[in-house]
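The structure appears right after this line, and notes come after that.
2 protein chains.
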Amino acid sequence: MSDVDTDGGLLDVVGIGNALVDVLSHEADELVVRQGLTRGTATMVDADRADRVYAALGPAVEVSGGSAANTIAGLASFGARVAYVGRVRDDQLGSVFAHDLRAAGVRFDVTPASEGPATGRCLVIVTPDAQRTMCTYLGASAHLGPGDVDDALVARAQVTYLEGYLWDQPEAKEAIRSAARVARSAGRRVALTLSDPFCVDRHRHEFLGLVEGEVDVLFANEVEIRSLYEVDTFDAALQRVRHHCEIAALTRSEHGSVIVADDEVHVVDARPVAHVLDTTGAGDLYAAGFLHGLTRGLGLDVCGRLGAIAAAEVISHLGARPETSLAELAAPVLGGAPGRPAS
Amino acid sequence: MSDVDTDGGLLDVVGIGNALVDVLSHEADELVVRQGLTRGTATMVDADRADRVYAALGPAVEVSGGSAANTIAGLASFGARVAYVGRVRDDQLGSVFAHDLRAAGVRFDVTPASEGPATGRCLVIVTPDAQRTMCTYLGASAHLGPGDVDDALVARAQVTYLEGYLWDQPEAKEAIRSAARVARSAGRRVALTLSDPFCVDRHRHEFLGLVEGEVDVLFANEVEIRSLYEVDTFDAALQRVRHHCEIAALTRSEHGSVIVADDEVHVVDARPVAHVLDTTGAGDLYAAGFLHGLTRGLGLDVCGRLGAIAAAEVISHLGARPETSLAELAAPVLGGAPGRPAS
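Right, here's the structure in full:
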């Protein structure tokens, strides 16, 4: 809690995303099929459908989630100075979300909504193969608008990190475009994660434009990057993204990640994990490790290794936020004592 | 979910207790001291104090809890026909509590309160030695009254299971006394768990009277039973309880349990656990296994072994409810296929 930035100084990363509480449940594959969900993807649903799916789930566990929020919590665990922007309501799950972020050392100043839909929830169905299928009710998070993003906060963050899921909401899209403009005119970097293959399908044209003109660092997994360029192989997508974006970090589950930046190409191994329990948050935490390296000015290969360390930690337990200090896990790679650099 | 009793037939156990959602957090020992809490015990606090302690905790996980509710969920996992009585509010944590019980196969019919305090919470602070210290805000659960207990439900349950924590609330005490009367006049058994040494301190005189006159099966751990009789050794407490109660099941952590019933005495070993992660719910789940054996008419030694199996399962992970089917874990002891007996 001592890591919360209160001095108005430089921040490493500010994340903007859908603020969600995850409702985690272990289920058989049949349940996913019966509920009409697609394995390994995120389906956006309304409150009624969310209630129906929830009623079909077994006993569950509630933990704070949200893709960009998981990344930001991961960065805090590395010792980075971070802030988060996302909307909750003034209800119990909203308090849980805010508590968990702040307790992790994240600055979170958005005032909870006093009316409108409840705090958003993501039903995370973990099947026996540790794969997760998500069913998201955005609730209050859907109403993120330009007024929620503090320009001064964005201007003093080295990186503004955006999640693709935000493109599903017109108001949020406006907030994002405005944040990206502020960041770039302050000489900062903008990072984007494509979030989900269906999300890419819905917004391909806009995402291509963003990557072309506004995004400096792109995160995507194999399915997402192939979907973005509508190509059949990973290598074809790699050739396309290579000169399209300043830096692209492409994750391939147990096959590791590939990082490209102009002529530089790195192929980084995944960290072996004794027992993969829940893959939720793997991509979010990879991004946390990568951005931690990037904001410390480390080589792209080291950034990829830090991503692999963070992803390995989060898939070895239930839930999408680290349970072990990532600063400690990363100490052998970073060298010297864990924690933030002097600045 | 197919196990919910809807046919008005015989139930194995109905549990009555404080309906709470647990907020679990791993913390260093210093935090417990700094918050003025006593390690290994439950402290009852008001909403303000609960908020202050919560603010001092790191990121947490929310799971349904409540001592008797954990026992009932454990019984459902064995395949028993069970119901639960306890009060929540019509808020998000109340929905979580109700969902998790019903999804486990428990009948839960109490209408949530539409006004008054929020659903109760138990802050469970797990220290590095896997010990848990609890800080409980009863909220809506404190207002359990005689009107919430369905006499017909109690009359058709083989055992009515009560938690000692209920004695802290005058209204609840009335509900309990009434339920015990109904159970006994229907020829059923009444079981009581002493819950907590401080709770025993607060209500020693009443508990002694209950054990003498109304309780058929008593559950207590070593500290609680010594506190009840104000004696210094376990053996002294054992001699006292032996002819005081029809059946007493006394748990001693890794030293196993001792079961006494008139001239019958059994000393049952604890199940070895590779890695004890969180002792929350150990006593609750021991009671679940024991009562499952008892309601199936099994010997008291087998009841104790079933208790040990259930307790070992729950201390090997975070949270106080089983994550693995207890029916399957108990199959080698019960013989034959797991599941409920024909009746």
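Quick note, the sequences are listed as chains A and B, same order. If you're matching positions, the first sequence starts at 1 in our numbering and goes up one per residue. If you're matching positions, the second sequence starts at 344 in our numbering and goes up one per residue. Cβ coordinates follow ideal geometry from the N, Cα and C atoms, glycine included.
Here Ala515(B) has Leu487, Leu509 as same chain residues with Cβ atoms under 6 Å from its own Cβ, once five neighbours each way along the sequence are excluded. The Cβ of Pro402(B) sits closer than 8 Å to at least one Cβ of chain A. For Tyr84(A), no CB of chain B lies under 8 Å from its own CB, so it is not counted at the interface with that chain. Boundaries for Arg87(A): no beta strand (DSSP E) harbours it, and the DSSP string shows neither H nor E there. Around the Cβ of Gly9(A), a 10 Å sphere holds fewer than 16 other Cβ atoms; the residue is exposed. Around the beta carbon of Pro402(B), 16 or more other beta carbons sit within 10 angstroms, so the residue counts as buried. For secondary structure counted as the alpha helix (DSSP H) over 4 or more consecutive residues, the region 467-504 of chain B holds these complete runs in sequence order: 494-498. In the same chain as Ala220(A), and ignoring 5 residues on each side of it, the C-beta atoms closer than 6 Å to its own belong to Leu194, Leu250, in chain order.
Within the model, the alpha-carbon separation for Leu669(B) versus Arg648(B) is close to 12 Å.
One alpha carbon belongs to His546(B), the other to Ala529(B), and they sit about 27 Å apart. Judged by DSSP secondary structure, Glu62(A) falls within the beta strand (DSSP E) whose first and last residues are 61-64.
Listed along chain B, no residue sits closer than 9 Å to Arg49(A) by beta-carbon distance, the nearest being about 16 Å off. Within the DSSP secondary-structure output, Leu20(A) pairs in a beta bridge with Gly120(A). When secondary structure is reduced to three states using DSSP, Gly358(B) falls in the strand class.
Distances from the CA of Val276(A) to each of Asp48(A), Ile315(A), Leu300(A), Arg132(A) were compared; the closest alpha carbon is that of Ile315(A).
Contact note: Leu436(B) reaches chain A through Gln92, using a C-beta cutoff of 8 Å and chain order.
At a cut-off of 8 Å, the C-beta of His586(B) has no neighbouring C-beta in chain A.
Apart from sequence neighbours up to five positions away, the residues of its chain that approach Ala330(A) with a beta-carbon distance below 6 Å are Leu306, Ile309, ordered along the chain.
When only Cα atoms are considered, Pro332(A) and Val267(A) end up about 20 Å apart. Taking the Cα positions, Asp148(A) is about 50 Å away from Gly422(B).
Taken in chain order, the unbroken stretches of beta strand (DSSP E) that lie wholly in the region 251-302 of chain A and span 3 residues or more are 257-261, 264-268. In this model, Asp263(A) and Leu291(A) are separated by some 20 Å (Cα to Cα). Taking the Cα positions, Asp100(A) is about 10 Å away from Phe108(A).
Taking 8 Å as the cut-off, the Cβ atoms of Val375(B) and Ala416(B) do not count as close. By the rule that beta-carbons nearer than 8 Å mark a contact, Ser227(A) does not touch chain B. One Cα belongs to Val211(A), the other to Ala180(A), and the distance between them is close to 12 Å. Going by DSSP, Thr71(A) is part of no beta strand (DSSP E) but of the alpha helix (DSSP H) stretching over 67-78. Under the Cβ criterion of 8 Å, His275(A) is not counted among the residues facing chain B. With a 10 Å radius around the Cβ and a threshold of 16 neighbouring Cβ atoms, Ser77(A) comes out buried.
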